[in-house]
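To start, the structure itself, in C-alpha cells.
Numbering (our numbering), first residue to last: 6 to 401.
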C-alpha cells in the first residue's frame, strides 16, 4: 500500500467490509473473506506485512478469540489511519490527520455495532499512533501496529471497566494537552507524546485527575532538573542524550509501574495499589533528581565498593544526590497528601520508597547495567518497582 490508488482501494474495501460485516455469519466466513482479500494485497509490492497483520487478526476473530469490535476496530484504525497518513504530505499534519480519521472511524464502528465500552476503541487508536511513531523505520511496522492495536482493544474489553463519555472526553483533552505540551517543550518526541497521552488517559480514567497531577509533578520536576545547567553537564559528558528529549521507552520505564498501580486501584480499590502508585512515582522522582543534580556535586563513589569513580559512571552516588533524592521524594509525598490521594502516612512512605528506589537503581546500575546486561530503561524499571513494592509493604 504505497501508491494513492492502492490507498484508495484499501480504504474503500475496508469501509465496505465494515458495513457488511455484521450480516456475515458465521464469524469464520467473514474471517475467510478478509484473509482472501489480504492475500491479494500480499501479492502486491511492499504490502506483505500489513496483509499478514490483518490476516492474523481476522483469524483470531474467526476462531472466536476476539470480538467483532476488536476485529473491525483494528481494521479501520490501521487501514484508514495509514491511508490518510500516506496521502497527507507534511509530517506534522500526517499525525493530526491520522488521529482524526482513525478516531472517527473507530467511534463509527463503535456506534454502528452498538458496542458498550467506549474505552476499547479509544485506547486502540492511541496505541496505534504510539506504535506508528515508535516503529516508523521498521518494514514490519504496520504488522506490529495491527497486533498491538488488536491486543490492546482485547485487553480493555476483557477488563470491562466502564467510563462515562463526558469523563473520557475530559481525560482525552487533559492527557493530549499534557503530551503535546511535552512535545512542544522538546521534553518528549512523538512516541513520548503518544505514550504520555495514553498513560495520562488511563490514569485519569481508572483513578481521577488528582492522581494524574501527581504524575505531572514528577514530569515537571524531572524536566526542570534535566534542563538545569544542561550545558555544564553536557561539557562534562554526563548530560541526557538528545537534549533530554524522552521517547516511549523512557516514559514507560519511569511510569509503567505507576500506571499498573492506578489501573489496579481503579479495579479493586485496594490501598496497596495506591501505595504502589505513589511509591513508584516517588522513586522515579528521587532517582531523576539524584542523577541530574547529584552529578553537579563532588566526587561520586560506586555504591558497591565505595571507591571514587568518574561522574556519570553507572552506580555512582554522592551524598548531595542522596539528600536531594530524599527531598524530592518528600515533595511527592506532600503533594500526594495535599491532593487527597493518600493519608498522612503517605508522606514518610514516599520518602522511604524514594530512598529505596534510588539506591536499587544505583545497585542495578553498578552491576547489571555496567555489564551491559540491561540498559538504562531497565535500570529505571527496577527503581520504580523497588520503590512501589517498598511502599506497598509499608502502607497496607
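Cβ coordinates follow ideal geometry from the N, Cα and C atoms, glycine included.
Taking C-beta atoms as the reference points, residue 159 and residue 71 count as a pair closer than 8 Å. Under the three-state reduction of DSSP, residue 375 is assigned to coil, being neither helix nor strand. Comparing alpha carbon positions, the residue from 73, 168, 205, 251 closest to residue 131 is 205. It is roughly 10 Å from the alpha-carbon of residue 83 to the alpha-carbon of residue 77. The alpha carbon of residue 64 has as its nearest neighbour, out of 87, 89, 33, the alpha carbon of 33. Between residue 198 and residue 187, the beta carbon gap of about 6 Å places them in contact (Cβ cut-off 8 Å). If you compare the alpha carbons of 129, 314, 373 with that of residue 304, the shortest gap goes to 314. Between residue 44 and residue 36, the C-beta gap is not smaller than 8 Å, which leaves the two residues out of contact. The beta carbon of residue 397 lies closer than 6 Å to those of 277, 280, 281 in the same chain, with the five residues before and after it left out. Around the beta carbon of residue 59, 16 or more other beta carbons sit within 10 angstroms, so the residue counts as buried. CA-CA distance, residue 101 to residue 21, rounds to 24 Å. Scanning its chain for C-beta atoms nearer than 6 Å, with the 5 sequence neighbours on each side dropped, one finds around residue 294 the residues 230, 329, 330, 333, in chain order. Nearest C-alpha to residue 261 among 370, 225, 207: 207. Membership of residue 393 in the alpha helix (DSSP H) is indicated by the continuous run 381-399. Rounded to the nearest angstrom, the Cβ distance from residue 227 to residue 283 is 16 Å, too far for a contact under 8 Å. Checking the DSSP bridge columns, you'll see residue 321 partnered with 307. By DSSP's assignment, residue 193 forms a beta bridge with 251. Look at residue 27 here: in three-state DSSP terms it is helix. Remark: C-beta atoms of residue 285 and residue 299 do not approach each other more closely than 8 Å.
Contact between the region 162-172 and the region 119-129 is present, with at least three C-beta pairs closer than 8 Å. For residue 275, there is no enclosing alpha helix (DSSP H), as DSSP marks it with neither H nor E. Distance from the CA atom of residue 383 to the CA atom of residue 146, rounded to whole angstroms, is 23 Å. Of 378, 30, 74, the smallest CA-CA separation from residue 161 is found for 74. For residue 66, the uninterrupted alpha helix (DSSP H) segment begins and ends at 53-67. Each of 378, 370, 401, 133 was checked against the Cα of residue 388, and the nearest Cα belongs to 370. In the DSSP annotation of this structure, the continuous segment of the alpha helix (DSSP H) that includes residue 47 starts and ends at 32-47. The C-beta distance from residue 361 to residue 392 rounds to 6 Å, short enough to meet the 8 Å contact threshold. Contact annotation, residue 340 with residue 222: C-beta distance approximately 5 Å; criterion of less than 8 Å satisfied.
Residue 296 and residue 326 have their C-alpha atoms some 7 Å from each other. About 17 Å separates the beta carbon of residue 200 from that of residue 152, a gap too long to meet the 8 Å contact definition. Counting along the chain, the unbroken alpha helix (DSSP H) around residue 365 starts and ends at 351-369. Of the residues 263, 291, 216, the one whose Cα lies closest to the Cα of residue 322 is 291.
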